[in-house]
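Chains A and B supply the protein sequences, listed in that same order. What the first sequence shows, in numbering that gives the first Met the number 0, is residues 0 to 393, in sequence order. What the second sequence shows, in numbering that gives the first Met the number 0, is residues 0 to 393, in sequence order. Beta carbons are placed, not taken as given, at the ideal position from N, Cα and C, and that holds for glycine.
Number of protein chains: 2
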Amino acid sequence: MFNRQAYEMGAAPNQIRQIFEYGRQQAKLLGPDKVYDFSLGNPSIPAPDKVNRSIHQLLDTESSIRIHGYTSGVGGDPLREAVAANLFERFGVKARMENVFISCGAAPALQAVLVALRTEKSEIIGIAPYFMEYKAFTEANGSRFVLVPADPEKFQVNIPALAAAVNENTQAVILNSPNNPSGAILTEETIRAVAALLTERASQYGHPIYIIADEPYRELAYDGAKVTFIPTIYRDTIVCYSWSKSLSMPGERIGYVYVPEEAADSHELFLAVAGAARASGHICAPSLIQRAVAECIDCMPDLKAYDVNRKLLYHGLTEIGYECVKPDGAFYLFVKTPGGDNSVFCEKAKARNLLVVPSEPFGVEGYFRLGYCVSKEMIERALPVFREVFEEMR
Amino acid sequence: MFNRQAYEMGAAPNQIRQIFEYGRQQAKLLGPDKVYDFSLGNPSIPAPDKVNRSIHQLLDTESSIRIHGYTSGVGGDPLREAVAANLFERFGVKARMENVFISCGAAPALQAVLVALRTEKSEIIGIAPYFMEYKAFTEANGSRFVLVPADPEKFQVNIPALAAAVNENTQAVILNSPNNPSGAILTEETIRAVAALLTERASQYGHPIYIIADEPYRELAYDGAKVTFIPTIYRDTIVCYSWSKSLSMPGERIGYVYVPEEAADSHELFLAVAGAARASGHICAPSLIQRAVAECIDCMPDLKAYDVNRKLLYHGLTEIGYECVKPDGAFYLFVKTPGGDNSVFCEKAKARNLLVVPSEPFGVEGYFRLGYCVSKEMIERALPVFREVFEEMR
Numbered sequence: 000m001f002n003r004q005a006y007e008m009g010a011a012p013n014q015i016r017q018i019f020e021y022g023r024q025q026a027k028l029l030g031p032d033k034v035y036d037f038s039l040g041n042p043s044i045p046a047p048d049k050v051n052r053s054i055h056q057l058l059d060t061e062s063s064i065r066i067h068g069y070t071s072g073v074g075g076d077p078l079r080e081a082v083a084a085n086l087f088e089r090f091g092v093k094a095r096m097e098n099v100f101i102s103c104g105a106a107p108a109l110q111a112v113l114v115a116l117r118t119e120k121s122e123i124i125g126i127a128p129y130f131m132e133y134k135a136f137t138e139a140n141g142s143r144f145v146l147v148p149a150d151p152e153k154f155q156v157n158i159p160a161l162a163a164a165v166n167e168n169t170q171a172v173i174l175n176s177p178n179n180p181s182g183a184i185l186t187e188e189t190i191r192a193v194a195a196l197l198t199e200r201a202s203q204y205g206h207p208i209y210i211i212a213d214e215p216y217r218e219l220a221y222d223g224a225k226v227t228f229i230p231t232i233y234r235d236t237i238v239c240y241s242w243s244k245s246l247s248m249p250g251e252r253i254g255y256v257y258v259p260e261e262a263a264d265s266h267e268l269f270l271a272v273a274g275a276a277r278a279s280g281h282i283c284a285p286s287l288i289q290r291a292v293a294e295c296i297d298c299m300p301d302l303k304a305y306d307v308n309r310k311l312l313y314h315g316l317t318e319i320g321y322e323c324v325k326p327d328g329a330f331y332l333f334v335k336t337p338g339g340d341n342s343v344f345c346e347k348a349k350a351r352n353l354l355v356v357p358s359e360p361f362g363v364e365g366y367f368r369l370g371y372c373v374s375k376e377m378i379e380r381a382l383p384v385f386r387e388v389f390e391e392m393r
Numbered sequence: 000m001f002n003r004q005a006y007e008m009g010a011a012p013n014q015i016r017q018i019f020e021y022g023r024q025q026a027k028l029l030g031p032d033k034v035y036d037f038s039l040g041n042p043s044i045p046a047p048d049k050v051n052r053s054i055h056q057l058l059d060t061e062s063s064i065r066i067h068g069y070t071s072g073v074g075g076d077p078l079r080e081a082v083a084a085n086l087f088e089r090f091g092v093k094a095r096m097e098n099v100f101i102s103c104g105a106a107p108a109l110q111a112v113l114v115a116l117r118t119e120k121s122e123i124i125g126i127a128p129y130f131m132e133y134k135a136f137t138e139a140n141g142s143r144f145v146l147v148p149a150d151p152e153k154f155q156v157n158i159p160a161l162a163a164a165v166n167e168n169t170q171a172v173i174l175n176s177p178n179n180p181s182g183a184i185l186t187e188e189t190i191r192a193v194a195a196l197l198t199e200r201a202s203q204y205g206h207p208i209y210i211i212a213d214e215p216y217r218e219l220a221y222d223g224a225k226v227t228f229i230p231t232i233y234r235d236t237i238v239c240y241s242w243s244k245s246l247s248m249p250g251e252r253i254g255y256v257y258v259p260e261e262a263a264d265s266h267e268l269f270l271a272v273a274g275a276a277r278a279s280g281h282i283c284a285p286s287l288i289q290r291a292v293a294e295c296i297d298c299m300p301d302l303k304a305y306d307v308n309r310k311l312l313y314h315g316l317t318e319i320g321y322e323c324v325k326p327d328g329a330f331y332l333f334v335k336t337p338g339g340d341n342s343v344f345c346e347k348a349k350a351r352n353l354l355v356v357p358s359e360p361f362g363v364e365g366y367f368r369l370g371y372c373v374s375k376e377m378i379e380r381a382l383p384v385f386r387e388v389f390e391e392m393r
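Set out below in structure tokens:
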């Protein structure tokens, strides 16, 4: 006499978290230097100093009632205004605070957008490899999730495959750039091709088809790689953002939905997002953190440590013989499984306490994901273990 | 081509918030001393000093990565352990941290419990007057909401009416003590009568019927009134708690679900709650605030200011001629509308910038709610205005 679907979602939680919990147990048993945990996407660089400074200062200068009190459900004015101004400055879009809904991170932002777009036969397209919760959220909310494989060379969008998947029930295509798990950044050319296809189909079917731009990794790009802000190319784009990675505060649960003024049904959609959030128990995003983030809106992450790790791990692995696309963004490497059998590989790795995430939950076979948001020292210790497993797989 | 139900929930937001927003606009126009806003349940006493002290100290002594990093979805160990120990100390229940799910406040806690209890024909009973989101959450999540009027004398549960409403599809009865909006505390006698009825029916129907104890006002009781902890009386109770009111931090979004070990299907239900939360985008409750609350688990609110307001407003209004039950808990007065016509009364009050919430959204006609979590000085200014409206209504 309880909800089986909810039970299944709770009983079989996120595979990544399970691997991480295993790593924690092993570290307790054997010592942390015997475990090589690449499972999580938990930032390993501290939040910019200004974050804690802002929190201290807000606590010292603002009244308790203001700083810990409710904000509007859509977010407090200071952060909404800061986001709108920041989007204008950086990308030239005419964002107003009325287009910005402050959420408890990217996950509930995405969830609210998916609920807002649900119709009787709604279909949502994800490009594999994709963040595994896309499917879970879509299906838990009653839409159909449709998988389109990316091109496996550069993990751009496979346009013919996307064209075959879009139909009159398609409500949205989720794009995630920089991508989790591949680290790929979608090129402007790719985004223009997707936009052209969706514009044509939207006109053919007589209703908008949205791009949901899931952007928690927007600020994490290396070697000067450009992350295109999709609303500057495609009008009907809804942005889901999080400061989890850019300000290294994933536990604080803060992000936003941006519904551009010029998007189709912009005002109705914004209200549907707010209503969907309300139905899921959203009251407001954490109030103190909202104010602190407003102060830190211009902070950029110091990516040096990630970049060192990225190069060390990429060069170390390819030298051993592993194959992977050099990632331009995020903090993941997506590596082809040597020998091809992922479950065998992951078990052999796990037996040495080398913890990686197999690619199947991301909708792709024969890869594994490494999060390099770890200590450089752990990567150095892990490389010989990667070599052992590689040689055993041959 | 968007979700109409979500749109409606967003477009017609919480009536209380609308009144509050109106009050804010009027205060800007006319000056704050010309507005008498009793609409919100926003705590007006500051958080205990220890809250800000704990936050400062955590920021200064813990690593950024730990303090702002993800916790487990069910909550971090320190707070789960603190809650379990606190429940044991105060109420003698054998709570373990495994029975405690840390949520982003009471609203998403309740929402997750309602989703976890949804079955094909599930019905959820609310006792009017009730917190308006009960109905919204229940219906948005696909269960039927059934209203049972309370006894209007003391706002206890009308047991014959409840007996008539319980049927084989009943999954849960929501009890909210101290009650929003009436301020009534359910007596132990009332809870025993509800428990006896549900025990009998559960046995008759062959499945558990839960009490959902929605307890954000648990610590707000006056004159030594006792708030019974329902799991000590009824086994199949699920508790939804929030620190919003007890620690005066409603904007920080932190609370919990407690599923007692001995409750029917306890483990499955706990996982269904976790799964329901996951499906709505819950990742974890805000991490810094989780740690701060763990430090402050024994803090009790300093209710003196509320108590002064309660007496001032209660005596002031009854002297004018208003009728209301003297509330033992929470920070609301639920007042009979003089003349009986609520919409006329509320409009007349609003014309004088006296902002109260009509009772209809709480499922009862002919009352209005006053939140006395305001300044004493505003109550003093408002009493003559209450008198004017009263005399005009005669």
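Residue nearest to residue i in terms of C-alpha spacing, selected from the options
i	options	result
Pro326 of chain A	A:Pro259, A:Ala224 and A:Arg393	A:Ala224
Asn13 of chain B	B:Phe100, B:Phe130 and B:Gly72	B:Phe130
Cys89 of chain A	A:Leu302, A:His314, A:Arg309 and A:Asp297	Per the sequence presented here, residue 89 of chain A reads as Arg, with Cys not at that position. The shortest Cα separation from Arg89 of chain A among A:Leu302, A:His314, A:Arg309 and A:Asp297 belongs to A:Asp297.
Val238 of chain A	A:Ala164, A:Ile173, A:Ala163 and A:Ile18	A:Ile173
Ala381 of chain B	B:Asn308, B:Lys134, B:Arg393 and B:Ala329	B:Asn308
Leu369 of chain B	B:Tyr321, B:Leu146, B:Ile229 and B:Thr118	B:Tyr321
Glu167 of chain B	B:Tyr240, B:Pro148 and B:Pro207	B:Pro207
Ile101 of chain A	A:Asp76, A:Ile123, A:Gly91 and A:Ala84	A:Asp76
Leu219 of chain A	A:Tyr305, A:Ile18, A:Ala105 and A:Glu97	A:Tyr305
Ala106 of chain B	B:Arg95, B:Ala212, B:Ala192 and B:Val145	B:Ala212
Ala293 of chain B	B:Ala11, B:Arg65, B:Gly72 and B:Asn85	B:Asn85
Local Cβ density within 10 Å of residue i, reported as buried at 16 or more and exposed below that
i	result
Pro259 of chain A	buried
Lys93 of chain A	exposed
Phe269 of chain A	buried
Gly30 of chain A	exposed
Val356 of chain A	buried
Endpoints, beta strand (DSSP E) assigned at residue i
i	result
Ser102 of chain A	Val99 to Ser102
Ala171 of chain A	Thr169 to Leu174
Phe37 of chain A	That residue, Phe37 of chain A, is in no beta strand (DSSP E); it is neither H nor E in DSSP.
Phe367 of chain B	Tyr366 to Gly370
Asp222 of chain A	Asp222 of chain A -> no beta strand (DSSP E), and no H or E assigned at all.
Leu332 of chain A	Tyr331 to Lys335
Tyr255 of chain B	Gly254 to Tyr257
Asp213 of chain A	Tyr209 to Asp213
Arg143 of chain A	Arg143 to Pro148
Glu122 of chain A	Glu122 to Ala127
Close Cβ partners of residue i (< 7 Å) along its chain, the five nearest in sequence each way excluded
i	result
Ile288 of chain A	Glu251 and Ile253
Val50 of chain B	Leu246, Met248, Ala291 and Cys295
Asp136 of chain A	Per the sequence presented here, residue 136 of chain A reads as Phe, with Asp not at that position. Excluding sequence neighbours, Phe136 of chain A sits near Leu109, Gln110 and Leu113.
Ala329 of chain A	Pro177, Asn178, Asn179, Gly182, Tyr216 and Leu219
Thr70 of chain B	Cys283, Ser286 and Gln289
Glu214 of chain B	Val238, Cys239 and Tyr240
Close-in-space but distant-in-sequence residues of the same chain around residue i (CB under 8 Å, 5 per side omitted)
i	result
Gly22 of chain B	Val34, Asp36, Ser38, Asn352 and Leu354
Gly274 of chain B	Ala115
Gly365 of chain A	Lys335, Thr336, Gly339, Asn341 and Ser358
Range covered by the alpha helix (DSSP H) that runs through residue i
i	result
Pro159 of chain A	Ile158 to Ala164
Val114 of chain B	Ala105 to Ala115
Cys345 of chain A	Asn341 to Ala350
Arg200 of chain A	Glu187 to Tyr204
Leu246 of chain B	Note, Leu246 of chain B: premise wrong, no alpha helix (DSSP H); not H, not E.
Tyr133 of chain A	Glu132 to Ala139
Nonlocal neighbours in the same chain, by C-beta distance under 6 Å from residue i, ignoring five residues either side
i	result
Ile126 of chain A	Val147, Ala149 and Val156
Val388 of chain A	Lys347 and Ala348
Listed by chain order, chain E residues near residue i by CB distance under 8 Å
i	result
Asn41 of chain B	Of the protein chains in the structure, A and B, none is chain E.
Please list, in chain order, the residues of the region 68-80 of chain B that have any C-beta partner in chain A closer than 8 Å. Gly68, Tyr69, Thr70, Ser71 and Gly72
Check each residue of the region 0-14 of chain A: if its Cβ is closer than 9 Å to any Cβ of chain B, include it; give the result in chain order. Met0, Phe1, Asn2, Arg3, Gln4, Ala5, Tyr6, Glu7, Met8, Gly9, Ala10, Ala11, Pro12 and Asn13
May I ask you to list, following chain order, the residues of the region 174-190 of chain B that have a beta carbon less than 7 Å from some beta carbon of chain A? none
Chain-ordered residues of the region 267-282 of chain A with a beta carbon less than 9 Å from chain B: Glu267, Leu268, Phe269, Leu270, Ala271, Val272, Ala273, Gly274, Ala275, Ala276, Arg277, Ala278, Ser279, Gly280, His281 and Ile282
Name the residues in the region 218-247 of chain A whose C-beta lies less than 7 Å from a C-beta of chain B; which are they? Ser247
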